């Protein structure tokens, strides 16, 4: 892991016993979810997670979280695997692994053509749309809009400091419809309405920033969850932390076993990290994937496109990609680590979910997993 970056606080060095907390710190006991913590953690002291910095780091330094569960439930294979976070590369016995499980599954998805999607957005009759409006209009745009009969309300709304973007878009749609039905159509005016929205380059920059911000938020959240599940504490009861506790309370018959467990498949030369593994009373395990993904990307509704052969019947959408990923982890744990996986969950903890996490009880996909892994080598 890289050294702590500028602007990222060092973790607190104070240690505490499980069940106690530093002032203003939150732990699973306080959240009513400590039933999942194994009794062995009581004999270990845990650091408190640091305060959130002004700018979140891209990677989390090793000393932010003390992985006590990895010490308590170590597997002989743990010594042979390592991870380089900066370029997301795994190593097995010092040799670079060909690809991660996530990268492997991506090979069977249709590529996302960003420019094509943006062009379709900007050419649709539903353009511009809220969230994609320009902050300021050029003088030329204002002049062109002023030529259009009935544009006064739109121009007035655009001048407001806290404008209603949905209202702006609806007014633009109305003006476009009026312009299209007019015998004196003006292409410059139509273009001015289109250019109320962001340009292709501006949208690409917006999406790239959203990807980076989302990745950093997700990385920070995962580290906080790992800290809590190892008996640690965090500074605040964020919505994400609350949603984590809600899920853990639904799994009261399990005990935390591993967090961020790095695993490797020898024959397939694949590696990955399992967010959370818990033991059931029958000694089987559940595996969990924490997701801060927006609710719109985890919808269970039908998808109108499908993955590549041999997964031609599997919907090519985010939820199914995550389901396949967990099924591959199930295969690796059962074949190479001697574990019996009895359940898999995708748990969405994006604040947009409100007071209940998204929980997907992942279906077992043994046939699809076998066909998929036949292409691993």
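Residue numbers (the working numbering): 1261 to 1637. Just so you know, even glycine gets a beta-carbon here, dropped at the ideal spot from N, CA and C. Note that this is a predicted model, so its numbers are computed, not measured.
Pick from 1569, 1552, 1425 and 1585 that is closest to residue 1614, judged by C-alpha positions: Residue mapping note: residue 1614 aligns to position 354 of the chain shown, counting from 1. Of the candidates 1569, 1552, 1425 and 1585, the one whose C-alpha sits nearest the C-alpha of residue 1614 is 1552.
Near residue 1417, which residues of its chain fall below 7 Å by C-beta distance, leaving aside the five closest residues on each side in sequence? Start at 1 with the first residue of the chain shown, and residue 1417 comes out as number 157. Counting only Cβ-Cβ distances below 7 Å, and skipping sequence neighbours, we find 1423, 1424, 1427, 1428 and 1431.
Could you tell me the distance, in whole angstroms, from the CA atom of residue 1624 to the CA atom of residue 1457? For the purposes of this step, residue 1624 is identified with residue 364 of the chain shown, where counting begins at 1. For the purposes of this step, residue 1457 is identified with residue 197 of the chain shown, where counting begins at 1. Spanning the two alpha carbons is a distance of roughly 44 Å.
Whole angstroms are fine: how far does the CA of residue 1307 sit from the CA of residue 1281? Looking up residue 1281 in the chain shown gives position 21. Looking up residue 1307 in the chain shown gives position 47. Interpretation of residue 1281 is limited by its pLDDT of 47, a score under 50 that renders its predicted location unreliable; the figure taken from the coordinates is listed afterwards. Distance between the alpha carbons of residue 1281 and residue 1307: 10 Å.
Give the straight-line distance between the Cα atoms of residue 1365 and residue 1357, rounded to the nearest whole angstrom. Looking up residue 1365 in the chain shown gives position 105. Looking up residue 1357 in the chain shown gives position 97. About 15 Å.
Can you check DSSP and say which residues form a bridge with residue 1472? Start at 1 with the first residue of the chain shown, and residue 1472 comes out as number 212. None; residue 1472 has no bridge partner.
Taking 8 Å as the limit between beta carbons, can you name the residues of its chain near residue 1327, skipping five residues before and five after? Here the question's residue 1327 lines up with position 67 in the chain shown. Counting only Cβ-Cβ distances below 8 Å, and skipping sequence neighbours, we find 1486, 1490, 1519 and 1520.
If you drop the 5 nearest sequence neighbours on each side, which residues of the same chain put their C-beta closer than 7 Å to that of residue 1591? By one-based count along the chain shown, residue 1591 stands at place 331. Only 1629 and 1633 meet the Cβ criterion.
Nearest CA to the CA of residue 1297: which residue from 1607, 1540 and 1603? For the purposes of this step, residue 1297 is taken as residue 37 along the chain shown, with counting starting at 1. Nearest option by C-alpha distance: 1540.
Can you tell me whether residue 1339 is buried or exposed, with buried defined as 16 or more other CB within 10 angstroms of its CB? Start at 1 with the first residue of the chain shown, and residue 1339 comes out as number 79. It counts as exposed.
Cα-Cα separation, residue 1414 to residue 1359: Here the question's residue 1414 lines up with position 154 in the chain shown. Here the question's residue 1359 lines up with position 99 in the chain shown. Approximately 52 Å between the Cα atoms of the pair.
Cβ neighbour criterion (16 or more within 10 Å) applied to residue 1569: The residue labelled residue 1569 in the question sits at position 309 within the chain shown. Exposed, since its Cβ has fewer than 16 Cβ neighbours within 10 Å.
Would you kindly check if the distance between the Cβ of residue 1481 and the Cβ of residue 1231 is under 9 Å? The structure shown does not extend to residue 1231, since the chain is modelled only from 1261 through 1637, so no value can be given for it.
Using the Cβ count rule (16 or more neighbours within 10 Å means buried), how would you classify residue 1617? For the purposes of this step, residue 1617 is taken as the residue at position 357 of the chain shown. Flag for residue 1617 reads buried.
Quick one: complete beta strand (DSSP E) runs, 3+ long, within the region 1313-1356? 1341-1344 and 1349-1352
Excluding sequence positions up to five away, which residues of its chain have a Cβ less than 7 Å from the Cβ of residue 1506? Walking along the chain shown from the start, residue 1506 turns up at place 246. Cβ neighbours of residue 1506 beyond the five flanking positions: 1616 and 1617.
Using three-state DSSP, classify residue 1294 as helix, strand or coil. The residue you call residue 1294 lines up with position 34 of the chain shown. Looking at residue 1294 - three-state DSSP - the assignment turns out to be helix.
Within 10 angstroms of its Cβ, does residue 1579 collect 16 or more other Cβ (buried), or is it exposed? For the purposes of this step, residue 1579 is taken as the residue at position 319 of the chain shown. The residue is buried, with at least 16 neighbouring Cβ atoms inside 10 Å.
Apply the 10 Å Cβ neighbour rule to residue 1585 and answer buried if 16 or more other Cβ atoms are within range, or exposed otherwise. Residue mapping note: residue 1585 aligns to position 325 of the chain shown, counting from 1. With 16 or more other Cβ atoms within 10 Å, it is buried.
At 4 residues or longer, what runs of the alpha helix (DSSP H) sit wholly inside the region 1376-1414? 1399-1406
Helix, strand or coil at residue 1306 according to DSSP, with G and I counted as helix: Numbered from 1 along the chain shown, position 46 holds the residue referred to as residue 1306. In the structure shown, residue 1306 sits in a strand (DSSP, three-state: E or B).
Hey, quick one: how far does the beta strand (DSSP E) through residue 1520 stretch, first residue to last? By one-based count along the chain shown, residue 1520 stands at place 260. Its beta strand (DSSP E) spans residues 1515-1525.
What does the alpha-carbon distance come out to for the pair residue 1529 and residue 1354? Walking along the chain shown from the start, residue 1529 turns up at place 269. Walking along the chain shown from the start, residue 1354 turns up at place 94. Answer to the nearest angstrom: the Cα atoms are 13 Å apart.
Which partner residues of residue 1480 appear in the DSSP bridge assignment? Taking the first residue of the chain shown as position 1, residue 1480 is located at position 220. Looking at the DSSP assignment, residue 1480 forms no beta bridge with any residue, so it has no partner.
In angstroms with no decimal places, state the Cα-to-Cα distance between residue 1502 and residue 1346. On the chain shown, residue 1502 is found 242 positions in, with the first residue counted as 1. On the chain shown, residue 1346 is found 86 positions in, with the first residue counted as 1. Using only the alpha carbons, I get a separation of about 29 Å.
Rounded C-beta distance between residue 1495 and residue 1343? I'm assuming under 8 Å. For this step, residue 1495 is matched to residue 235 along the chain shown. For this step, residue 1343 is matched to residue 83 along the chain shown. Wrong, their Cβ atoms sit about 26 Å apart, outside the cutoff.
Straight-line CA distance for residue 1517 to residue 1602? Here residue 1517 refers to the residue found at position 257 when the chain shown is read from its first residue. Here residue 1602 refers to the residue found at position 342 when the chain shown is read from its first residue. Taking the straight line from one Cα to the other gives about 14 Å.
Relative to the alpha-carbon of residue 1370, which residue among 1567, 1292 and 1595 has its alpha-carbon at the smallest distance? Position 110 of the chain shown, counted from the first residue, corresponds to residue 1370. The shortest Cα separation from residue 1370 among 1567, 1292 and 1595 belongs to 1567.
DSSP on residue 1424, reduced to helix/strand/coil? Your numbering for residue 1424 matches position 164 in the chain shown. Here residue 1424 sits in coil by DSSP.
Ignore the nearest five residues each way along the sequence and tell me which others in residue 1361's own chain have a CB closer than 6 Å to its CB. In the chain shown, the residue the question calls residue 1361 occupies position 101. Within the same chain, residue 1361 has close Cβ partners 1530, 1532, 1585 and 1588.
Please report the straight-line C-alpha distance between residue 1522 and residue 1383, rounded to a whole angstrom. Here the question's residue 1522 lines up with position 262 in the chain shown. Here the question's residue 1383 lines up with position 123 in the chain shown. Using only the alpha carbons, I get a separation of about 45 Å.
On the DSSP bridge list, what partners appear for residue 1546? One-based indexing of the chain shown puts residue 1546 at position 286. 1538 and 1603, per the DSSP bridge assignment.
I need the DSSP call for residue 1530, collapsed to helix, strand or coil. Counting from 1 along the chain shown, the entry for residue 1530 is found at position 270. It is a strand residue.
Could you check what DSSP says for residue 1621 in three-state terms: helix, strand or coil? If you number the chain shown from 1, residue 1621 lands on position 361. Here residue 1621 sits in strand by DSSP.
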